[in-house]
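Let me begin by presenting the structure, written as structure tokens, before commenting on it.
Protein chains: 2
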Amino acid sequence: MKMDERKQKILKAIVQDYIATAEPVGSRTISRKFDLGVSPATIRNEMSDLEEMGFIEQPHTSSGRIPSDIGYRYYVDYLMAPIALQKVDKNRIKDQISSKISEVEEALEYTGKLISQITNLTSLVLCPRTKESVLQKLYFLPYQQGKAIMVTIKENGSVENNIVDIGEDTTTEELQVLANIFNENMGGTRVRDLKSGLLREIYNELSRKRKVIDFVLSSLESTFSDNREESPEIYLGGTLNMLNQPEFHDLDKVKTLFSIFEENSKLKELIHHDKEGRIVTIGSENSNKVFKDCSVISATYHVNGKEIGSIGVLGPTRMDYSKAIAIVDYMTFSLTELLTNRQKK
Amino acid sequence: MKMDERKQKILKAIVQDYIATAEPVGSRTISRKFDLGVSPATIRNEMSDLEEMGFIEQPHTSSGRIPSDIGYRYYVDYLMAPIALQKVDKNRIKDQISSKISEVEEALEYTGKLISQITNLTSLVLCPRTKESVLQKLYFLPYQQGKAIMVTIKENGSVENNIVDIGEDTTTEELQVLANIFNENMGGTRVRDLKSGLLREIYNELSRKRKVIDFVLSSLESTFSDNREESPEIYLGGTLNMLNQPEFHDLDKVKTLFSIFEENSKLKELIHHDKEGRIVTIGSENSNKVFKDCSVISATYHVNGKEIGSIGVLGPTRMDYSKAIAIVDYMTFSLTELLTNRQKK
DNA sequence: AATTAGCACTCACCTTGGCAGAGTGCTAAC
DNA sequence: GTTAGCACTCTGCCAAGGTGAGTGCTAATT
Numbered sequence: 008m009k010m011d012e013r014k015q016k017i018l019k020a021i022v023q024d025y026i027a028t029a030e031p032v033g034s035r036t037i038s039r040k041f042d043l044g045v046s047p048a049t050i051r052n053e054m055s056d057l058e059e060m061g062f063i064e065q066p067h068t069s070s071g072r073i074p075s076d077i078g079y080r081y082y083v084d085y086l087m088a089p090i091a092l093q094k095v096d097k098n099r100i101k102d103q104i105s106s107k108i109s110e111v112e113e114a115l116e117y118t119g120k121l122i123s124q125i126t127n128l129t130s131l132v133l134c135p136r137t138k139e140s141v142l143q144k145l146y147f148l149p150y151q152q153g154k155a156i157m158v159t160i161k162e163n164g165s166v167e168n169n170i171v172d173i174g175e176d177t178t179t180e181e182l183q184v185l186a187n188i189f190n191e192n193m194g195g196t197r198v199r200d201l202k203s204g205l206l207r208e209i210y211n212e213l214s215r216k217r218k219v220i221d222f223v224l225s226s227l228e229s230t231f232s233d234n235r236e237e238s239p240e241i242y243l244g245g246t247l248n249m250l251n252q253p254e255f256h257d258l259d260k261v262k263t264l265f266s267i268f269e270e271n272s273k274l275k276e277l278i279h280h281d282k283e284g285r286i287v288t289i290g291s292e293n294s295n296k297v298f299k300d301c302s303v304i305s306a307t308y309h310v311n312g313k314e315i316g317s318i319g320v321l322g323p324t325r326m327d328y329s330k331a332i333a334i335v336d337y338m339t340f341s342l343t344e345l346l347t348n349r350q351k352k
Numbered sequence: 008m009k010m011d012e013r014k015q016k017i018l019k020a021i022v023q024d025y026i027a028t029a030e031p032v033g034s035r036t037i038s039r040k041f042d043l044g045v046s047p048a049t050i051r052n053e054m055s056d057l058e059e060m061g062f063i064e065q066p067h068t069s070s071g072r073i074p075s076d077i078g079y080r081y082y083v084d085y086l087m088a089p090i091a092l093q094k095v096d097k098n099r100i101k102d103q104i105s106s107k108i109s110e111v112e113e114a115l116e117y118t119g120k121l122i123s124q125i126t127n128l129t130s131l132v133l134c135p136r137t138k139e140s141v142l143q144k145l146y147f148l149p150y151q152q153g154k155a156i157m158v159t160i161k162e163n164g165s166v167e168n169n170i171v172d173i174g175e176d177t178t179t180e181e182l183q184v185l186a187n188i189f190n191e192n193m194g195g196t197r198v199r200d201l202k203s204g205l206l207r208e209i210y211n212e213l214s215r216k217r218k219v220i221d222f223v224l225s226s227l228e229s230t231f232s233d234n235r236e237e238s239p240e241i242y243l244g245g246t247l248n249m250l251n252q253p254e255f256h257d258l259d260k261v262k263t264l265f266s267i268f269e270e271n272s273k274l275k276e277l278i279h280h281d282k283e284g285r286i287v288t289i290g291s292e293n294s295n296k297v298f299k300d301c302s303v304i305s306a307t308y309h310v311n312g313k314e315i316g317s318i319g320v321l322g323p324t325r326m327d328y329s330k331a332i333a334i335v336d337y338m339t340f341s342l343t344e345l346l347t348n349r350q351k352k
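These protein sequences, in sequence, are chains A and B. If you're matching positions, the first sequence starts at 8 in our numbering and goes up one per residue. If you're matching positions, the second sequence starts at 8 in our numbering and goes up one per residue.
Dropping the structure here:
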């Protein structure tokens with residue numbers, strides 16, 4: 008069977024109407040709402056074809072049709088009219104986001120809030136993977152007996168502090184001497200490259216302080232290692248919006264969804280992928296079957312050309328793809344610009 | 008009408024059965040499950056009295072009775088058998104919490120998680136009010152042009168960093184000189200007392216640096232001012248547990264509840280109060296009418312005798328008060344001890 | 001050959017009525 | 001003062017029937 012123009016129009020109509028109403032759409036509805044110039048009976052025949060081709064399906068005999076995942080995919084790839092973001096939304100983003108960037112984390116969190124407010128969907132914003140992140144400065148401050156505060160500044164400007172055990176026989180001052188060597192020589196080294204990098208030189212040079220260096224290295228590694236799932240590396244916004252979607256009127260679904268929301272690792276999987284640029288994942292295309300009724304639009308944002316993190320929106324497969332894509336694209340752009348400017352400042 | 012012993016027994020039976028089953032309890036049920044030595048008919052008469060007295064109510068004619076807020080109150084105040092926490096729970100707390108206290112914030116978050124796991128309710132843990140908190144050390148680290156990182160260590164051991172604008176004509180070093188003066192002379196001053204305190208002396212002494220001092224003061228004040236609602240000063244745990252309660256099988260209720268959960272200020276109201284010690288707030292006793300079907304048990308924990316913060320559990324009015332109270336009490340004790348020990352270390 | 005009108009059929013959804021079960025309140029007996 | 005018995009009430013459940021939206025098929029129309 009061939010996908011002619013009329014079939015496309017009908018599929019598009021079905022998807023759009025279903026996105027708007029969340030009700031299975033029948034042949035009469037289409038002929039009424041969309042002016043295709045053919046009778047419901049013709050549409051019925053075409054719909055029957057579309058169903059055979061796998062683009063739409065019937066929840067039960069004698070009800071309207073709803074798009075299948077394949078149908079959404081076809082819609083997104085070929086039928087959807089890409090829309091530009093409304094000016095009012097753009098302004099809102101510009102105004103609100105730039106006033107809120109005293110710290111990178113805040114900017115990310117706010118980005119998420121904006122996305123979810125504008126789309127009425129759930130937003131996900133992922134911080135840079137720390138392993139990938141580049142350490143710029145390192146400081147140690149005295150804390151309690153046997154402990155010190157390690158302050159790390161990454162290249163993207165984020166500041167973090169951790170309390171580390173330094174043992175009784177090392178002083179904060181010693182650590183800071185070391186940190187200064189680091190700051191002067193090694194600004195801009197990936198954490199994971201530290202051991203094999205310049206630090207090896209220092210290591211050899213200052214064999215007296217070997218123990219202390221070892222300690223610094225291991226604290227850094229454990230601080231930036233992957234198993235720090237607890238840290239809020241991912242920002243979630245507008246989770247409540249999901250409750251407004253008719254597909255989540257079932258309390259059990261809400262429960263499983265929200266328990267996933269509390270598992271950062273699962274969320275990261277959802278929007279993190281190897282491909283560059285923006286990606287639309289529809290329904291069963293998601294790796295986790297919990298999200299088989301959800302779609303995700305995700306994209307990576309950049310700072311100074313280097314990959315930094317991802318943002319995404321999550322919603323039911325029946326979501327307004329054009330709008331969601333528009334905002335993710337704009338936000339990627341906006342965040343990239345924001346963080347890049349910030350860097351220069 | 009007088010509250011004799013039999014009425015008390017019956018009320019207690021009603022409350023306990025309703026807590027266990029969430030179903031209105033009838034006279035037959037009581038006579039079956041509880042051995043009161045009287046017939047259902049007698050119980051019926053007594054229940055009629057109890058209803059007139061306001062302790063129980065009927066959802067609809069010819070159904071069993073459920074406790075009213077007043078009934079719960081009477082139960083909590085006079086009837087409830089205070090239980091000790093099970094040993095297994097106590098051990099769990101001891102084992103898990105002490106392994107997780109590299110930072111105060113983590114300890115608090117973990118406390119909340121434990122409370123909600125053990126009670127199957129929602130937990131709230133409030134950090135110390137920053138205005139009340141006592142500043143111990145202050146450091147400035149270089150950041151970008153015109154900005155510095157201000158690291159503050161409070162007496163309770165919590166460490167925080169903020170990025171502050173220092174303008175072009177002040178250097179981080181100047182700030183640190185000042186901070187050192189502070190660190191040597193003023194460790195342990197309330198933030199809100201700073202201006203009127205020792206700093207005034209320095210202020211006079213070092214009139215040359217007046218501008219810089221002014222700046223430090225104002226950043227400190229804005230950092231610790233009350234309007235920092237965004238900061239996660241409150242930890243919420245086990246929100247999903249609420250979904251398992253039959254009283255929240257209504258999606259609308261879930262929605263309003265969860266939207267409240269996102270408003271930190273409302274949550275703070277819920278567990279923060281002037282009175283010392285542990286407080287049980289039942290149903291309509293809550294100031295916010297959204298929580299008219301919820302009860303809150305809250306208590307303040309202390310560090311070295313000074314008030315520090317509150318913890319609480321939130322659940323439906325039909326909650327296991329004895330257990331919830333037991334764990335809040337134990338947690339208050341445990342947290343106080345933990346943070347106090349930490350201090351000495 | 002494609003399109004349309006007409007018709008029978010299906011299925012979800014709503015309403016209605018009947019029935020069982022649990023509970024109460026009242027009265028009379030113990 | 002307590003209990004047994006009985007009439008009454010209300011909820012929850014199930015089945016039956018009606019309605020409306022929708023489909024699939026066939027025959028007529030263009």
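Glycine is no exception: its CB is placed at the ideal position from the N, C-alpha and C atoms.
Practice task
Tell me, please, whether the segment 66 to 82 of chain A touches the segment 23 to 32 of chain A by the rule of three or more beta-carbon pairs shorter than 8 Å.
Solution key: yes
Practice task
Apply the 10 Å Cβ neighbour rule to A:Asp11 and answer buried if 16 or more other Cβ atoms are within range, or exposed otherwise.
Solution key: exposed
Exercise for the section: Report back the beta-carbon spacing between A:Leu128 and A:Tyr82 to the nearest angstrom; my notes put them in contact at under 8 Å. Expected result: Contact flag wrong, Cβ pair sits at about 17 Å.
Handout entry: Ordered list of alpha helix (DSSP H) runs contained in the segment 270 to 333 of chain A, each at least 4 residues
Key = Secondary structure within the segment 270 to 333 of chain A: the alpha helix (DSSP H) runs of 4 or more consecutive residues, fully enclosed, are 271 to 278 (chain order).
Practice task
Go ahead and pull the three-state DSSP assignment for A:Met54.
Solution key: helix
Practice task
Could you tell me the distance, in whole angstroms, from the CA atom of B:Met60 to the CA atom of B:Val22?
Solution key: Here the alpha carbons of B:Val22 and B:Met60 stand approximately 15 Å from one another.
Practice task
Return no unless some Cβ of chain B is closer than 8 Å to the Cβ of A:Asp11.
Solution key: Chain B contact via Cβ: absent.
Handout entry: Helix, strand or coil at B:Lys144 [DSSP, three-state]
Key = strand
Problem - Test: B:Leu258 CB closer than 8 Å to a CB of chain A - result: Answer yes: the Cβ-Cβ gap between B:Leu258 and chain A drops below 8 Å somewhere.
Exercise for the section: Would you mind giving the Cβ-Cβ distance between B:Val141 and B:Leu346, rounded to the nearest angstrom? I have them listed as a contact below 8 Å. Expected result: Between B:Leu346 and B:Val141 the Cβ distance is about 13 Å, and since that is not below 8 Å, they are no contact.
Problem - B:Val132 at chain A interface by Cβ criterion, 8 Å - result: Chain A, which has no Cβ nearer than 8 Å to the Cβ of B:Val132, makes this no.
Practice task
Quick one: which residues of the segment 158 to 171 of chain B get their C-beta closer than 9 Å to a C-beta of chain A? List them in chain order.
Solution key: Val158, Ile160, Gly164, Val166, Glu167, Asn168, Asn169, Ile170 and Val171
Exercise for the section: Put A:Tyr85 into one of helix, strand or coil per three-state DSSP. Expected result: Here DSSP, grouped into helix, strand and coil, assigns A:Tyr85 to helix.
Practice task
Spatial neighbours of A:Thr339 within its chain, please: CB distance less than 6 Å, with the 5 preceding and 5 following residues excluded, ordered by chain position.
Solution key: Ala306 and Tyr308
Exercise for the section: Go ahead and pull the three-state DSSP assignment for A:Ile170. Expected result: strand
Practice task
Measure the beta-carbon distance from B:Ile304 to B:Gly319 and round it to whole angstroms, keeping in mind my assumption that it falls under 8 Å.
Solution key: 6 Å
Exercise for the section: Under 8 Å by Cβ, that's how I've got A:Gly78 and A:Ile63 pegged, so tell me the actual separation to the nearest angstrom. Expected result: 5 Å
Problem - Where A:Val132 sits in the DSSP three-state scheme - result: The answer is strand: DSSP assigns A:Val132 an E or B state.
Practice task
Check the Cβ-Cβ distances between B:Ser123 and every residue of chain A, and say whether any is below 8 Å.
Solution key: Answer no: the Cβ-Cβ gap between B:Ser123 and chain A never drops below 8 Å.
Exercise for the section: Tell me, please, whether the CB atom of A:Leu142 is closer than 8 Å to any CB atom in chain B? Expected result: no
Exercise for the section: Run down chain B in chain order and give the residues with a C-beta less than 7 Å from the C-beta of A:Lys262. Expected result: Leu247 and Leu250
Problem - Neighbourhood of A:Lys352 by C-beta distance below 7 Å, restricted to the same chain and skipping five residues each side - result: Bear in mind that a pLDDT of 40 at A:Lys352, under 50, signals an unreliable position, so the number given afterwards is only what the model happens to contain. So no residue of the chain qualifies.
Practice task
Could you check what DSSP says for A:Tyr150 in three-state terms: helix, strand or coil?
Solution key: The three-state secondary structure of A:Tyr150, taken from DSSP, is coil.
Practice task
Check the Cβ-Cβ distances between A:Leu148 and every residue of chain B, and say whether any is below 8 Å.
Solution key: yes
Handout entry: Cβ neighbours of B:Gly153 in the same chain (closer than 7 Å, five flanking residues each side left out)
Key = Asp172, Ile173, Gly174 and Glu175
Exercise for the section: Tell me A:Met157's beta-bridge partners as DSSP assigns them. Expected result: A:Phe147 and A:Asn169
Problem - Min CB distance A:Glu175 to chain B below 8 Å - result: no
Practice task
Would you grab the beta carbon distance between B:Ala410 and B:Phe41 for me? Rounded to a whole angstrom, and I think it's under 8 Å.
Solution key: The structure shown does not extend to residue 410 of chain B, since chain B is modelled only from 8 through 352, so no value can be given for it.
Problem - Contiguous alpha helix (DSSP H) assignments of at least 4 residues, all confined to the segment 10 to 41 of chain B - result: For the segment 10 to 41 of chain B, the continuous alpha helix (DSSP H) assignments of 4+ residues that do not extend past its boundaries occur at 12 to 28 and 34 to 40, in sequence order.
Practice task
Tell me, please, which residues DSSP counts as bridged to B:Pro7.
Solution key: Limits of chain B in this structure are 8 at one end and 352 at the other, which puts residue 7 of chain B out of reach.
Practice task
Could you check how far apart the C-beta atoms of A:Gln183 and A:Phe147 are, in whole angstroms? I think they sit under 8 Å.
Solution key: 5 Å
Practice task
Would you mind stating whether B:Tyr150 and A:Ile156 have Cβ atoms separated by less than 8 Å?
Solution key: no
Exercise for the section: Determine the closest residue to B:Arg13 out of B:Thr36, B:Asn251, B:Asp56 and B:Tyr25, with distance taken between C-alpha atoms. Expected result: B:Asp56
Handout entry: B:Val132, buried or exposed, once every other Cβ within 10 Å from all chains shown has been counted against 16
Key = buried
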